[in-house]
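Protein chains in written order, with my numbering: chain A, 1 to 279; chain B, 1001 to 1532.
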């Protein structure tokens, strides 16, 4: 991965992966060296692990601030994201070791569960960023999404003009394909990849049935042109729908990840209050 | 014919950009088909729209399909001439005829009429892209989730029921298990740490750490019960010292200037623990605490040479006693708890060899023990008075009158008898306790040094020999007595009480038994207040 682009996962020869593995190994060794009867969050090793995990959680959340500071000094954002991903994953180990694997239905386990879910949602994000951008490029090579919309608009205008002189059934179907086409929608519709081509497909059906008995030569010619136009539009809409869905997937995990992270911090606050102060 | 074609495109802001191309054709055919000299795109452009032909009279536009041409916005059927300034409409394209070039080439300007944008605008109006919509935004969800967690977290206490396990970070110690999930039993004030009063409500007899009247160090004043007794840790000990004691006691004088307590830095380290404060000074107030200076004998008022008593084939002071070999357990019997030894009672353990007879006429009659000197005298007088009154005086005793056994003593005779009895009792007391006639003391003095007032030195045996610490004989029952109670020291100052090295032989770090760095193994943090 040398050369033009270096993924955040490979930042500086996977330096943060090494550090994360080192931290994990140290935590496991410290835990293993604690006598089994003394393994709990309040033991010296447990406290060190807990403070480390809490500090890590605060630092991980700081990425949300750092990424908005363009041109900030220090390591590039890519390095921050690399450390965020690798160190964040160690929470999955640090927290159970801190708790000595004791979990029950209480606010303390809630903090651990929320932190765990945050890591899982982050892993989904890593997977999304690994797979989706390539698919987006394949779907829309070198084109802006706006260009696709412009093409659809142009096809719509042409189809409207061509269909003007055709029988009502066809003209109405083409008109609906223009006015009833909806792209995107609510978050769930976008993520599900809702199909925006239905009105266009109906218009194509109408054109096909009209072609079986064209009233005259001009109309036949217009129907051929309409069919070509509607097919082009259908292909354009499919590409737009794919693009919308991939973009939604690329964004949606963060809308889950960030609130989970904030909720983890709130639960961490409750945990620390109940354990250290409220006793 | 030569044609210079200028294609006009417009930037986003509407600024025109021209691209010039030159063509060399006989006839400029126009249409959507690829066989046209000027190919235009768009569904409304016919495959073969028209042809621009150079005639001697000028340019002529000829239709290639039987449909009307649109020139200057006017539909015309058939061929027609065009001149500079004319605009030919082809689908969404407009071809403007410009004045000829200097080299007489035909100049045309081609511009595609932009889609007017209404379709795109309408499509965009029906388009919703971006997942962060409504409540599904990072910020709103984050606030909502954090608020939900805080509310859920506060609910167990704020709800007022306080019977939830939702806050419990772990099970309570089994001694507190009866509390169950009744949080409010100890957590009396919501969102505040457990107050000491919650502990002392049950633990009423727990005394303070510092003796009454002594200054309380500031560090102790702010220390809550829960600081040292953390709960919700299951069966983990409620109180270990964890180095808490030596925080102050390693250098106590810095906090309490006039303390008499020696510094303690731990148990294992050499010199870390001071000599054991053995043999309580109860009964010897004001004397120095260093027991290595004084024989214990002087302190508790008892002469008891262990070395002598453990000789094999020992013969007692009693003539009729058989020789015996004493062992420790013969006299020292553990109490019910096993931790301490029962007090050694004279009647049970000593009297078999050391009798307290005071009259050869009645060898079975023993002086009372233990007893005050006055009580002994009273007892002896009672004995001799009864003898005298029964006319059983000693042969050498002077008597005023003889009488018949059935004859009642007259008053004078009675007074005389009692006077004799008083003398006899005093003589017997002197035999026992010592006196002018027996300067070395009598039978009592075997064990009890005579006091200046004619009695014995009061006995001040302490109830506990190491009042500052607890020691369990039961825990150490497999260890032979002599391991700690060294007989060779018996004649010395410390009696047979073990010194520190008796403990460190086994309990030093790396020793045979566990280290004793946790002070509370032997020492109690809290003083037991005097029973009220």
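We put the CB at the ideal spot given by N, CA and C, even for glycine.
Practice item. Determine the closest residue to residue 244 (chain A) out of B:1128, B:1365, B:1464 and B:1107, with distance taken between C-alpha atoms. Key: B:1128
Let me check understanding here. Comparing Cα to Cα, which of B:1228, B:1362 and B:1169 lies closest to residue 1428 (chain B)? B:1362
| request: Answer yes or no: do residue 1081 (chain B) and residue 1059 (chain B) have a C-beta to C-beta separation smaller than 8 Å? | output: yes
task = Measure the beta-carbon distance from residue 107 (chain A) to residue 270 (chain A) and round it to whole angstroms, keeping in mind my assumption that it falls under 8 Å.
result = 5 Å
Margin query: Starting from residue 1416 (chain B), trace the alpha helix (DSSP H) in both directions and tell me its first and last residue.
Written below: 1411-1433
Requested in this report: Please report the Cβ distance between residue 1457 (chain B) and residue 1266 (chain B), rounded to the nearest whole angstrom; I am assuming they are in contact, meaning their Cβ atoms lie under 8 Å.
Outcome: The Cβ separation is near 40 Å, so there is no contact.
Any beta-carbon of chain B closer than 8 Å to the one on residue 195 (chain A)?
-> no
What residues from the stretch 1115-1129 of chain B come within 9 Å of chain A, judged by C-beta to C-beta, listed N to C? 1115, 1116, 1117, 1118, 1119, 1120, 1121, 1122, 1123, 1124, 1126, 1127, 1128 and 1129
In the DSSP assignment, what are the bridge partners of residue 1128 (chain B)? A:184
Query raised in the report: Does the beta carbon of residue 1175 (chain B) come closer than 8 Å to any beta carbon on chain A?
Result: no
Next on the checklist: To the nearest angstrom, how far is the alpha carbon of residue 1332 (chain B) from that of residue 1217 (chain B)?
Outcome noted: 42 Å
Report the rounded CA-to-CA distance for residue 182 (chain A) versus residue 173 (chain A), giving the unit in angstroms.
15 Å
Q. Which of helix, strand or coil does DSSP assign to residue 1207 (chain B)?
A. coil
query = For residue 1203 (chain B), is the classification buried or exposed, using 16 other Cβ atoms within 10 angstroms of its Cβ as the cut-off for buried?
reply = exposed
Item to complete: Starting from residue 1193 (chain B), find everything on chain A with Cβ-Cβ shorter than 7 Å and list it in chain order.
Response: 277, 278 and 279
Smallest Cα separation from residue 1465 (chain B): which of B:1499, B:1448 and B:1447? B:1499
Inset, instruction - State yes or no: is the beta carbon of residue 1132 (chain B) nearer than 8 Å to at least one beta carbon in chain A? - result: yes
Cβ of residue 190 (chain A) within 8 Å of any chain B Cβ
yes
Write down the C-beta distance between residue 1375 (chain B) and residue 1368 (chain B) rounded to the nearest angstrom, noting that I regard them as a contact closer than 8 Å. 6 Å
Would residue 16 (chain A) pass as a contact of residue 129 (chain A) if the rule is Cβ separation under 8 Å? no
Comparing the C-beta of residue 181 (chain A) with each C-beta of chain B, is any distance below 8 Å?
yes
Under 8 Å, Cβ to Cβ, is there at least one residue of chain B near residue 187 (chain A)?
yes
Practice problem: May I ask you to report which of helix, strand or coil DSSP gives residue 90 (chain A)? | Solution: helix
Starting from residue 281 (chain A), follow the alpha helix (DSSP H) in both directions and report where the run begins and ends. A query on residue 281 (chain A) cannot be resolved here, the shown segment of chain A reaching from 1 to 279 and no further.
Item checked: Proximity to residue 1518 (chain B) [Cα-Cα], best of B:1496, B:1246 and B:1340 -> B:1246
C-beta contact flag for residue 90 (chain A) and residue 24 (chain A) at 8 Å: yes
Problem set entry | the stretch 135-142 of chain A contacting the stretch 1018-1031 of chain B, beta-carbon criterion three pairs below 8 Å | no
Worksheet item: Apart from the five residues on each side of it in sequence, which residues of its chain come closer than 6 Å, Cβ to Cβ, to residue 1198 (chain B)?
Response: 1186 and 1188
In whole angstroms, what separates the C-alpha of residue 1192 (chain B) from that of residue 274 (chain A)? 10 Å
Is residue 1249 (chain B) near residue 1258 (chain B), with beta carbons less than 8 Å apart? no
Three Cβ pairs or more, each shorter than 8 Å: is that satisfied between the stretch 1044-1058 of chain B and the stretch 1028-1036 of chain B?
yes
Establish whether the CB of residue 1044 (chain B) and some CB of chain A are separated by less than 8 Å. yes
Could you check how far apart the C-beta atoms of residue 1172 (chain B) and residue 1229 (chain B) are, in whole angstroms? I think they sit under 8 Å. 11 Å between Cβ atoms; not a contact.
- Query: Which chain B residues are close to residue 102 (chain A), counting only those with a beta carbon under 8 Å from its beta carbon?
  - Reply: 1170
- prompt: From residue 1184 (chain B) to residue 277 (chain A), what does the alpha carbon distance come to, in whole angstroms?
  reply: 16 Å
Query - Alpha-carbon to alpha-carbon, residue 1470 (chain B) and residue 1521 (chain B) - result: 8 Å
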